[in-house]
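K.L.:
Here the protein sequences come in this chain order: C and L. Numbering follows this note's numbering, with no gaps: position 139 of the first sequence is 139. One gets this note's numbering by counting positions in the second sequence from 1 and adding 1000 to each. Even glycine gets a Cβ: it sits at the ideal position worked out from N, Cα and C. Note that the structure is predicted; figures quoted are calculated from it, not measured. Structure incoming, see below.
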Amino acid sequence: MTILVLAEHDNKSVRKATLNTVAAAQKIGGGIHVLVAGHDCAAAAKAAAQIAGVAKVLHADAPQLDDEIAENVAALIVSLAKGYTHILAPATSNGKNVLPRAAALLDCQQISDIVSIEGPDTFVRPIYAGNALATVKSSDPIRVITVRTTGFDAVAAAGGSAAVETIAAPADSGLSKFVGREVARSERPELTSARAVVSGGRGMGSGENFKILEPLADRLKAAMGASRAAVDAGFVPNDWQVGQTGKIVAPELYVAVGISGAIQHLAGMKDSRVIVAINKDEEAPIFQVADYGIVGDLFQIVPTLVEELKEQELKK
Amino acid sequence: MKVLVAVKRVVDFNVKVRVKADGSGVETANVKMSMNPFDEIALEEAVRLKEAGAASEIVAVSCGVAACQETLRTALAIGADRAILVQTDAELQPLAVAKLLKSIALKEAPRLVIMGKQAIDDDSNQTGQMLAALLGWSQATFASKVKMDKDSAEVTREVDGGLDTISVRLPAVVTTDLRLNEPRYVTLPNIMKAKKKPFETLTPEALGVDVKPRLATLKVVEPAKRKAGIKVADARALVDKLRNEAKVI
Ligand SMILES: Cc1cc2nc3c(=O)[nH]c(=O)nc-3n(C[C@H](O)[C@H](O)[C@H](O)COP(=O)(O)OP(=O)(O)OC[C@H]3O[C@@H](n4cnc5c(N)ncnc54)[C@H](O)[C@@H]3O)c2cc1C
Ligand SMILES: Nc1ncnc2c1ncn2[C@@H]1O[C@H](COP(=O)(O)O)[C@@H](O)[C@H]1O
Chain C
1 MTILVLAEHD
11 NKSVRKATLN
21 TVAAAQKIGG
31 GIHVLVAGHD
41 CAAAAKAAAQ
51 IAGVAKVLHA
61 DAPQLDDEIA
71 ENVAALIVSL
81 AKGYTHILAP
91 ATSNGKNVLP
101 RAAALLDCQQ
111 ISDIVSIEGP
121 DTFVRPIYAG
131 NALATVKSSD
141 PIRVITVRTT
151 GFDAVAAAGG
161 SAAVETIAAP
171 ADSGLSKFVG
181 REVARSERPE
191 LTSARAVVSG
201 GRGMGSGENF
211 KILEPLADRL
221 KAAMGASRAA
231 VDAGFVPNDW
241 QVGQTGKIVA
251 PELYVAVGIS
261 GAIQHLAGMK
271 DSRVIVAINK
281 DEEAPIFQVA
291 DYGIVGDLFQ
301 IVPTLVEELK
311 EQELKK
Chain L
1001 MKVLVAVKRV
1011 VDFNVKVRVK
1021 ADGSGVETAN
1031 VKMSMNPFDE
1041 IALEEAVRLK
1051 EAGAASEIVA
1061 VSCGVAACQE
1071 TLRTALAIGA
1081 DRAILVQTDA
1091 ELQPLAVAKL
1101 LKSIALKEAP
1111 RLVIMGKQAI
1121 DDDSNQTGQM
1131 LAALLGWSQA
1141 TFASKVKMDK
1151 DSAEVTREVD
1161 GGLDTISVRL
1171 PAVVTTDLRL
1181 NEPRYVTLPN
1191 IMKAKKKPFE
1201 TLTPEALGVD
1211 VKPRLATLKV
1221 VEPAKRKAGI
1231 KVADARALVD
1241 KLRNEAKVI
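Structure follows, in structure tokens:
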């Protein structure tokens, strides 16, 4: 068995989601090759070669592989597929975009968002917003899989010494062109890999009011997230959305502020180790999953919480 | 320009689904069913394109059991011009749906297919990408803005790092994200009018598509329940718990 893992990277370095996906590949067992497809991505390929447990890195470098253009990356994966029993990608927006395209071209039914592995052809995945877990067995010759990163502890980013093989990329399909990117720049840790997350909901009332969460996030070294309602209302950018159809997070600490706890939101955060909820409605469903809840006005509680954290720090 | 919209009948998003006692699946008998919310957004986008003069005809397609008729009637009431039901009692997985939609697309020759990014029952997020692959068409997933041109569309996509904009050559498959639009409500007069709109029923066999599932579901279980914790009086008590009990700060 040999497994191909599609690396998530920014041409310079590999993202943590790659490490979780390699961990899933290790659970399946067999040789692991990592595909780094991009443009001017030699540094990312070199970083991938350091990942623990990786036997080989395939480095495909071409302008048409840049910017996550699905048509070209899927064609590349298909051109490599016959050497592999499994093809894995993290269930990131890029993995979700490109992998089903490759799967269809290989006439394989993709298995989305696996959270555990029962055998080389049998996997567990959440359905219905995580209200049920299905164990499915694939009858396809190649198992094409996206991996929910929170389901697998990352392997070490260093310690490996894989060979890097340069491979050719198929020609540009000419179907899609990259036009531009609006990146949300932030000094904070990345939402899906942060140790702590502070999320705000409709109860925040406005984008301006989200500022009161910043000192809290600073103290906790947290990433910031949001409910769909807060994103829809334009309070915060779309990439902050946590939930069934947003990002899946499982930090050590998740603080939900002014979030009711709709099933679609819980789907994205209920595997966090410790959940804190601040909500003025004591009946809010978020309290059913929270380890610690405070019932009250967030505009009063959040600032005192920040003060308390400061005080505790001084005591230390 | 003809637009094809794929609509799936799913358990309504407000229903708290229950796993069947025998572990074979989730309870869907006597449960409220609705159009997949992302497909409502897809249909709304098609209707807006038509209202703006960019689309000439909207064809709604659904694959599944006879009751998908209801979903298609809703689609007609929202503004689709015609409906096609690919009727089967077989379990349909995304690859099979993509193959069915491909055969419809080849017959109908739309310039644009709009569908949801994700069905909220199976949570697969695959079918649109697969359809684009099988047709050899361009794809623009997770769309929050679509601007039509003569031979291309400019689509803004919701991605992990923010927003990407790409230009795709037509014909193309677009999948919708939540911020693309706010779907309108169905009105009674439109429900009446929908009854007179053309409705065609086909089968996978007639389309020559093998829909045999590739994934066998061995069991379905409820996830481990999180137990509710405690309420604390104030911020000081919370910090104390986080430090000394949960040891997370
Ligand atoms: C197809 C589909 C996909 C979806 N995907 C997602 C998803 O991925 N993620 C997601 O989050 N949602 C998702 N949703 C939406 C979800 O159903 C809920 O509508 C949403 O999560 C509600 O957000 P909220 O909790 O911020 O708002 P609300 O439900 O309105 O809750 C606001 C809360 O704030 C509290 N509050 C108000 N003022 C204060 C105050 N001053 N102090 C303290 N508390 C206060 C209120 O008591 C209330 O509990 C999806 C829905 C659909 C249909
Ligand atoms: N049985 C079906 N009939 C019509 N459209 C479907 C069907 N299944 C999936 N789709 C379309 O594909 C999208 C993505 O579904 P999925 O890949 O299952 O998450 C949905 O939002 C629908 O637009």
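Around the C-beta of Ile1230/L, are 16 or more other C-beta atoms found within 10 angstroms, so that it is buried, or is it exposed?
P.N.:
exposed
K.L.:
Quick one: which chain L residues come within Cβ less than 8 angstroms of Thr122/C?
P.N.:
Leu1218
K.L.:
Would you say the beta carbon of Ala230/C comes nearer than 7 angstroms to a heavy atom of ligand 2?
P.N.:
no
K.L.:
Which parts of the stretch 1084 to 1162 of chain L are runs of the alpha helix (DSSP H), unbroken and 4 residues or longer, counting only runs that do not cross its ends?
P.N.:
1094 to 1108, 1127 to 1135
K.L.:
What does the Cβ neighbour count give for Met269/C, buried or exposed, with the cut at 16 atoms within 10 Å?
P.N.:
By the 10 Å Cβ count, Met269/C comes out buried.
K.L.:
Whose Cβ in chain L lies nearer than 9 angstroms to the Cβ of Lys177/C?
P.N.:
Ser1152, Ile1166, Ser1167, Val1168, Arg1169
K.L.:
Is the beta carbon of Thr122/C within less than 7 angstroms of some heavy atom of ligand 1?
P.N.:
no
K.L.:
Less than 7 angstroms separating the Cβ of His39/C from some heavy atom of ligand 1?
P.N.:
no
K.L.:
Let me check you understand the geometry: is the CB of Lys1212/L closer than 7 angstroms to at least one non-hydrogen atom of ligand 2?
P.N.:
no
K.L.:
Of the residues Ser1124/L, Lys1016/L, Asp1210/L, Gly1162/L, which one's Cα is nearest the Cα of Gly236/C?
P.N.:
It should be noted that the sequence gives Val, not Gly, for residue 236/C. Minimum Cα distance to Val236/C is reached at Gly1162/L.
K.L.:
Between Leu80/C, Glu118/C, Gly160/C, Arg143/C, which has its C-alpha nearest Ala350/C's C-alpha?
P.N.:
An answer regarding residue 350/C cannot be provided, because it is not within the stretch 1 to 316 covered by chain C.
K.L.:
Between the Cα of Leu106/C and the Cα atoms of Lys46/C, Pro303/C, Val78/C, which residue gives the shortest distance?
P.N.:
Val78/C
K.L.:
First and last residue of the beta strand (DSSP E) that includes Ala1172/L?
P.N.:
In this chain, the beta strand (DSSP E) harbouring Ala1172/L covers 1172 to 1176.
K.L.:
Please report the straight-line C-alpha distance between Pro303/C and Leu1095/L, rounded to a whole angstrom.
P.N.:
Between Pro303/C and Leu1095/L, the C-alpha separation is close to 51 angstroms.
K.L.:
In chain order, what residues of the same chain have a beta carbon less than 6 angstroms from the beta carbon of Met1035/L, not counting five sequence neighbours either side?
P.N.:
Correct list, in chain order: Val1007, Thr1071, Thr1074.
K.L.:
Which residues in chain C have a C-beta closer than 8 angstroms to the C-beta of Ala1094/L? List them in chain order.
P.N.:
Going by the sequence as given, residue 1094/L is Pro instead of Ala. Going along chain C in sequence order, the residues near Pro1094/L (Cβ under 8 angstroms) are Pro100, Gln109, Gln110.
K.L.:
I'd like to know whether the C-beta atoms of Gln312/C and Val1239/L end up nearer to each other than 8 angstroms.
P.N.:
yes
K.L.:
Buried or exposed: Pro251/C, going by 16 or more other Cβ atoms within 10 Å of its Cβ?
P.N.:
buried
K.L.:
In chain order, which continuous runs of the beta strand (DSSP E) of length 3 or greater are located wholly inside the stretch 1165 to 1239 of chain L?
P.N.:
If you keep only unbroken beta strand (DSSP E) runs of at least 3 residues inside the stretch 1165 to 1239 of chain L, you get 1172 to 1176, 1199 to 1202, 1215 to 1221.
K.L.:
Tell whether a beta-carbon distance below 8 angstroms holds between Gly1117/L and Asp1177/L.
P.N.:
Per the sequence shown, residue 1117/L should be read as Lys rather than Gly. Yes.
K.L.:
Does DSSP put Phe287/C in a helix, a strand or coil?
P.N.:
helix
K.L.:
Cβ of Phe1013/L within 7 angstroms of any heavy atom in ligand 1?
P.N.:
Judged by the Cβ position, Phe1013/L qualifies as a neighbour of ligand 1 at the 7 angstroms threshold, a heavy atom of the ligand being closer than this.
K.L.:
Would you mind working out which of Gly31/C, Ala55/C, Lys46/C, Asn131/C sits nearest Ile263/C, comparing C-alpha positions?
P.N.:
Considering only alpha carbons, the answer is Asn131/C.
K.L.:
In chain L, which residues lie with their C-beta within 8 angstroms of the C-beta of Ser186/C?
P.N.:
Those do not exist, as Ser186/C stays about 10 angstroms from chain L at its closest Cβ, beyond 8 angstroms.
K.L.:
State the Cα-Cα distance for the pair Met1192/L and Leu1076/L, rounded to the nearest angstrom.
P.N.:
10 angstroms
K.L.:
I need the DSSP call for Val14/C, collapsed to helix, strand or coil.
P.N.:
Correct three-state label for Val14/C: strand.
K.L.:
I need the boundaries of the beta strand (DSSP E) containing Lys56/C, first residue and last residue.
P.N.:
56 to 61 is the extent of the beta strand (DSSP E) around Lys56/C.
K.L.:
Please go through the same chain and pick out, in chain order, the residues whose beta-carbon is closer than 8 angstroms to the beta-carbon of Ser1056/L, but skip the five residues on each side of it.
P.N.:
Around Ser1056/L: Met1001, Lys1002, Lys1050.
K.L.:
Would you say Ile167/C lies against chain L (beta-carbon separation less than 8 angstroms)?
P.N.:
no
K.L.:
Taking 8 angstroms as the CB-CB cut-off, is Leu80/C touching chain L?
P.N.:
no
K.L.:
When you compare only the Cα positions, how much space is there between Ser227/C and Ala1206/L?
P.N.:
44 angstroms
K.L.:
Using the C-alpha atoms, what's the distance from Leu305/C back to Ile111/C?
P.N.:
43 angstroms
K.L.:
Can you confirm whether the stretch 1121 to 1130 of chain L touches the stretch 1089 to 1108 of chain L when touching is taken to mean that 3 or more C-beta pairs between the two stretches lie within less than 8 angstroms?
P.N.:
yes
K.L.:
Identify the residues that DSSP records as bridge partners of Tyr128/C: which are they?
P.N.:
Paired residues: none, contrary to the question.
K.L.:
Could you tell me whether the Cβ of Tyr84/C comes closer than 8 angstroms to any Cβ of chain L?
P.N.:
Output row for Tyr84/C: interface = no.
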